[in-house]
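Step one of this worksheet: look at the structure below.
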Amino acid sequence: MARAKVLSEALPYMRRYNGQTIVVKYGGHAMGDPELARLFAQDMVLLKQVGMNPIVVHGGGPQIGQMLQQLNIQSEFVDGLRVTDQQTIDVVEMVLAGKINKEIVSNINRAGGVSVGLCGKDAHLIKARKLQRTKRDPESNIEKVLDLGFVGEPIEVNPHVLSCFTNTDIIPVIAPIGVGDDGQTYNINADTAAGAIAKAVGARRLYMLTDVKGILDGEKKLVRDADIDSINAMIADGTISGGMIPKTETCMDAVRNGVEAAVIVDGRAPHAVLLELFTERGAGTMIRGS
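For the sequence shown, the numbering used here gives the first residue as 6, with consecutive numbering after it.
Rendered as structure tokens:
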């Protein structure tokens, strides 16, 4: 009876999202834990089976770090971004577009789905340019341009590549590798890539799987719903800080550009995306327009 009740409650939500596209940024502990990885693959297959169009965009920072260490290649970070020289970008592409991407594809296929792995180089999916960042010297108060090497930002996403999969049973899995006009390969932050893809395809939802429950207020309680104004206020007063700032900024940018809502959800919780989509209470923090 309990299972029947759950299915009954889920039906209105399944009807609401039938035919809708959702973009899921997959990373963190959820991707590193074999059991969570298996459950995630099953969930993506389920979403496709009930008529939705999931698009998976994945990260892979820890795996890249492990491979660089094995190859004895030194790597440094500036403001949370990996400085990426030519030797490093070769490893990044190998790990993201190769090993990790195909593992996720394989998991989805084993779960009974049909999946195809892509990166931004495929069919000009993600056009990128070199990321420009500056940092103010605390002593001289002079802003200096940071050279992060081949770290990029998306400037154009080709939605027609992904629309080919909309009316099929294929689930695309995308590695955040972009390509410049000159053919140069760029490493793109997975959150940023997911946001750009969600905007380009007009996704109904953007899900950011992370290693926290969502946005926490000043009393460390989960904020379940927030609009852009309240998110900006929490950034201004320091409630949202560190790595959550760029994540929430990506969510707000997506919402400003046509995505109905973006959700920061705990990827460590089994079936986190299903709980958010198909239950009244939901999961994580949902960010909507003002």
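Where a beta carbon is used, it is the ideal one built from N, C-alpha and C, also for glycine. These numbers were taken from a predicted model, which means no experiment stands behind them.
Can you tell me which of the three DSSP states threonine 139 falls into? To locate residue 139, count along the sequence shown from 1; it is residue 134. Reduced to three states, the DSSP call for threonine 139 is strand.
Hey, out of Gly243, Glu224, Glu98 and Pro275, whose CA is closest to asparagine 194's CA? As a first step, residue 194 is located in the sequence shown; it is residue number 189 there, counting from the start. Considering only alpha carbons, the answer is Glu98.
Reference valine 178, options Thr215, Pro159, Gly157 and Leu130, closest by Cα: As a working note, residue 178 is residue 173 in the sequence shown. Residue Leu130 is the option with its Cα nearest to valine 178.
Just to check my reading of the structure: histidine 34 and glycine 219 have Cβ atoms closer than 8 Å, yes? What is that Cβ distance to the nearest angstrom? Translated into positions along the sequence shown, residue 34 becomes position 29. Translated into positions along the sequence shown, residue 219 becomes position 214. Glycine 219 and histidine 34 do not touch by the CB rule: their CB atoms are close to 15 Å apart, not below 8 Å.
Nearest by alpha-carbon distance to leucine 12: which of Ala208, Leu51, Gln92 and Leu41 is it? The residue labelled residue 12 in the question sits at position 7 within the sequence shown. Measuring from the Cα of leucine 12, the nearest candidate turns out to be Leu51.
N-terminal and C-terminal residue of the alpha helix (DSSP H) that arginine 115 is part of: Sequence index remark: in the sequence shown, residue 115 carries index 110 (1-based). 106-115 is the span of the alpha helix (DSSP H), which, as asked, contains arginine 115.
Complete runs of the alpha helix (DSSP H) confined to the region 146-185 [at least 4 residues]: Those alpha helix (DSSP H) runs which fall completely within the region 146-185 and span 4+ residues are 164-168.
Assumed close pair leucine 136, glutamate 158 - CB separation to whole angstroms, cut-off 8 Å: By 1-based counting over the sequence shown, the position of residue 136 is 131. By 1-based counting over the sequence shown, the position of residue 158 is 153. Confirmed, Cβ separation roughly 5 Å.
Considering only residues of the same chain and omitting the five flanking positions on each side of glycine 122, which have a CB-CB separation below 6 Å? The sequence position of residue 122 within the sequence shown is 117, counting from 1. Same-chain partners within the cutoff: Asn106, Lys107, Val110 and Val178.
Helix, strand or coil for threonine 296, going by three-state DSSP, please let me know. Shown here, the chain extends from 6 to 295; a query on residue 296 therefore has no answer.
Compute the Euclidean distance between the alpha carbons of glycine 294 and leucine 76, then round it to the nearest angstrom. As a first step, residue 294 must be located in the sequence shown, where it is residue number 289. As a first step, residue 76 must be located in the sequence shown, where it is residue number 71. Roughly 45 Å between the two C-alpha positions.
Among Met19, Gln25 and Tyr18, whose alpha-carbon lies nearest the alpha-carbon of asparagine 172? Walking along the sequence shown from the start, residue 172 turns up at place 167. When each option's Cα is compared against that of asparagine 172, the closest is Gln25.
Can you tell me which of the three DSSP states lysine 132 falls into? As a position in the sequence shown, residue 132 is number 127, starting the count at 1. Strand at lysine 132.
Contact defined as beta carbons within less than 8 Å: I believe tyrosine 18 pairs with phenylalanine 283. What is the distance between those atoms, to the nearest angstrom? Mapped onto the sequence shown, residue 18 falls at position 13. Mapped onto the sequence shown, residue 283 falls at position 278. Their Cβ separation, rounded to whole angstroms, is 5 Å, which keeps tyrosine 18 and phenylalanine 283 in contact under 8 Å.
For arginine 209, which of Gln71, Lys226, Ile27 and Ile78 has the nearest alpha-carbon? As a position in the sequence shown, residue 209 is number 204, starting the count at 1. Comparing Cα positions, the closest option is Ile27.
How many Å lie between histidine 63 and lysine 149 at the Cα? Sequence index remark: in the sequence shown, residue 63 carries index 58 (1-based). Sequence index remark: in the sequence shown, residue 149 carries index 144 (1-based). One C-alpha to the other measures close to 31 Å.
Could you give the distance in angstroms between the alpha-carbon of alanine 46 and the alpha-carbon of aspartate 90? Taking the first residue of the sequence shown as 1, we reach residue 46 at position 41. Taking the first residue of the sequence shown as 1, we reach residue 90 at position 85. Rounded to whole angstroms, alanine 46 to aspartate 90 spans 33 Å at the Cα level.
Does the distance from the CB of alanine 180 to the CB of cysteine 256 come in under 8 Å? Position 175 of the sequence shown holds residue 180. Position 251 of the sequence shown holds residue 256. Contact: no.
Counting Cβ pairs closer than 8 Å, one from the region 200-214 and one from the region 258-277, do we hit at least three? yes
Quick check on the burial criterion: 16 or more other C-beta atoms within 10 angstroms. Buried or exposed for aspartate 48? Within the sequence shown, residue 48 is the residue found at index 43, counting from 1. Buried, by the Cβ-count rule.
As assigned by DSSP and simplified to three states, the class of glycine 272: Taking the first residue of the sequence shown as position 1, residue 272 is located at position 267. When DSSP states are grouped into helix, strand and coil, glycine 272 belongs to the coil group.
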